[in-house]
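Each remark here refers to the structure printed beneath this line.
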Amino acid sequence: MENSQNYHEQENKKNILRMREVLSTLPPFCKQFFRGMENQISARTRLAYAYDIRLFFEFLHETNGIYKKMDIVDFPMSILDEVGREDVEEYMEYLSLYVRDGQEITNDERGKARKLASLRSFYNYFFSNELIGNNPPALVPMPKLHEKEIVRLDPNEVAVLLDQVEDGSKLTKNQLRFHEKTKIRDLALLTLLLGTGIRVSECVGLNIQDVDFDNMGIKVRRKGGYEDVVYFGEEVESALLAYLEERKHIVPLSGHEEALFLSIQDRRITVRAVEKLVKKYASLVTGLKKITPHKLRSTYGTTLYQETGDIYLVADVLGHKDVNTTRKHYAAMQDANKRKAARTVRLREDVNPK
Numbered sequence: 004m005e006n007s008q009n010y011h012e013q014e015n016k017k018n019i020l021r022m023r024e025v026l027s028t029l030p031p032f033c034k035q036f037f038r039g040m041e042n043q044i045s046a047r048t049r050l051a052y053a054y055d056i057r058l059f060f061e062f063l064h065e066t067n068g069i070y071k072k073m074d075i076v077d078f079p080m081s082i083l084d085e086v087g088r089e090d091v092e093e094y095m096e097y098l099s100l101y102v103r104d105g106q107e108i109t110n111d112e113r114g115k116a117r118k119l120a121s122l123r124s125f126y127n128y129f130f131s132n133e134l135i136g137n138n139p140p141a142l143v144p145m146p147k148l149h150e151k152e153i154v155r156l157d158p159n160e161v162a163v164l165l166d167q168v169e170d171g172s173k174l175t176k177n178q179l180r181f182h183e184k185t186k187i188r189d190l191a192l193l194t195l196l197l198g199t200g201i202r203v204s205e206c207v208g209l210n211i212q213d214v215d216f217d218n219m220g221i222k223v224r225r226k227g228g229y230e231d232v233v234y235f236g237e238e239v240e241s242a243l244l245a246y247l248e249e250r251k252h253i254v255p256l257s258g259h260e261e262a263l264f265l266s267i268q269d270r271r272i273t274v275r276a277v278e279k280l281v282k283k284y285a286s287l288v289t290g291l292k293k294i295t296p297h298k299l300r301s302t303y304g305t306t307l308y309q310e311t312g313d314i315y316l317v318a319d320v321l322g323h324k325d326v327n328t329t330r331k332h333y334a335a336m337q338d339a340n341k342r343k344a345a346r347t348v349r350l351r352e353d354v355n356p357k
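Plus 3 on top of the position in the sequence shown (first one is 1) and you've got our numbering.
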């Protein structure tokens, strides 16, 4: 029988299998690098590195006259020493726009920064182990990242969004047929995301037994694999109880009996399905911003920070291991609080007495 830990273990196994597929398309010497990081980062992160490294080799394959005639899996390690700073700079420019399987793909400054970081780690491994003599990615500066404005819902937008989940008045006739079957589940799911700030991956991994109504908390598996307890309020409690009452009458598919949130097919709901339902409801509300499950998380974090002014509490509740991650996201609000503090503290009753 599936449980919360097994769900995450299964996702981990899928990533390991995908990783093996990607590795089979890379030069054999790459395996050394990925073995070296196996106990340091998750399978999902290793997979992201593998995709990035493969893209770099695909770029070399396309643009290098010598290696164009050779399969990528046959590239020797010496190719790393033949790459210069200019090649890496050309690769960064290439990332702005390239075509894969007939589809145009673009990367913004953050996409480029992540791919350069992957390439730096890759080269650093072989350079520090004295397997190559050059380290050109280290000579290329990281793209300048501009702070992105936090997109979040205002309190009135949250209310309108949840009302639309209950009401469904703007849905099409076809959507309304499904809405009758899913609105209680959808309301519970969105209320939980908005009322706790948990990640969508943490949400879909929840099992029924992870919900503790006595202590008003849920047990989640955080990024990095550790377990944490997140507490919820009365609105979340009411929405979950209503859904669980309905959930009793659903017969899940084998292997999905313990899953808290089920799809129309009576299996554990997926991250993609949650993303689609958030997009569907958000698009119904006139003037609503482009909303994703992560934006619901930002909405919770913003509200919590506005109410408490405690960046450490926000970091703890959101499951950020490093408070600087939280501080970076809520820097503008923190600055506003500092300005408020400057206006609040008075040294004398009247600075300019008459």
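No residue lacks a Cβ here, since even glycine has one placed at the ideal position from N, Cα and C.
The alpha carbon of lysine 251 has as its nearest neighbour, out of Asp231, Phe264, Asp77, the alpha carbon of Phe264. In the DSSP secondary-structure assignment, lysine 222 is bridged to Val232. Straight-line measurement puts the Cα of threonine 199 at about 16 Å from the Cα of tyrosine 315. Valine 163 sits in a helix when the DSSP states are folded into three classes. Taking C-beta separations shorter than 8 Å and ignoring five residues to either side along the sequence, the partners of arginine 49 in its chain run Asn18, Met22, Phe37, Met40, Glu41, following chain order. Asn210 is the residue among Ala245, Val214, Asn210 whose C-alpha sits nearest the C-alpha of isoleucine 272. Classified as exposed, threonine 175 has fewer than 16 neighbouring CB atoms from the shown chains inside 10 Å of its CB. Residue state for asparagine 210 is assigned as strand, using DSSP reduced to three classes. With respect to valine 223, valine 233 sits close: the two C-beta atoms are nearer than 8 Å. Residues of the same chain with a CB within less than 8 Å of the CB of glutamate 61, apart from the 5 flanking positions on each side, are Ile75 in chain order. Secondary structure note for tyrosine 246: its alpha helix (DSSP H) is the uninterrupted segment 237-250.
DSSP places glutamate 107 within a strand segment (E or B) once states are collapsed to three. Closest option to alanine 46, judged by alpha-carbon separation, among Asn15, Lys72, Leu29: Asn15. Residue environment: threonine 311 is assigned as exposed (fewer than 16 neighbouring CB atoms within 10 Å of its CB, all protein chains considered). Following the DSSP letters along the chain, one finds phenylalanine 216 in no alpha helix (DSSP H), marked with neither H nor E. Just so you know, the alpha carbons of leucine 321 and proline 296 end up roughly 14 Å apart. A distance below 8 Å separates the beta carbons of histidine 11 and glycine 208. For arginine 271, the three-state secondary structure derived from DSSP is strand.
Valine 102 is bridged by DSSP to Glu107. If you draw a straight line from the Cα of isoleucine 294 to the Cα of asparagine 137, it is about 44 Å long. Of all C-beta pairs linking the stretch 72-90 to the stretch 138-146, three or more are shorter than 8 Å, placing the two stretches in contact. The beta carbons of valine 274 and serine 204 sit closer together than 8 Å.
With 16 or more other Cβ atoms inside 10 Å of its own Cβ, valine 214 counts as buried. Per DSSP, histidine 297 is one residue of the alpha helix (DSSP H) stretching across 296-311. Just so you know, the alpha carbons of asparagine 127 and leucine 83 end up roughly 11 Å apart.
Secondary-structure assignment with DSSP links alanine 262 through a beta bridge to Asn210. Under the three-state reduction of DSSP output, aspartate 77 falls in the helix class.
Sixteen is the threshold: when 16 or more other Cβ atoms of the shown chains lie within 10 Å of the Cβ of threonine 329, as they do, the residue is buried. With distances taken between CA atoms, tyrosine 303 lies nearest to Leu197 out of Leu197, Leu164, Ala262, Ala242. Its Cα nearest to that of leucine 307, the residue Asp157 stands out among Lys324, Asp157, Val254.
Around the C-beta of glycine 68, fewer than 16 other C-beta atoms lie within 10 Å, and the residue is accordingly described as exposed. DSSP places serine 204 in the helix class (H, G or I) of the three-state scheme. Between the alpha carbons of phenylalanine 181 and lysine 173 lies a gap of roughly 13 Å. Between the beta-carbon of valine 277 and that of valine 163 there is about 20 Å, and that puts the pair past the 8 Å contact cut.
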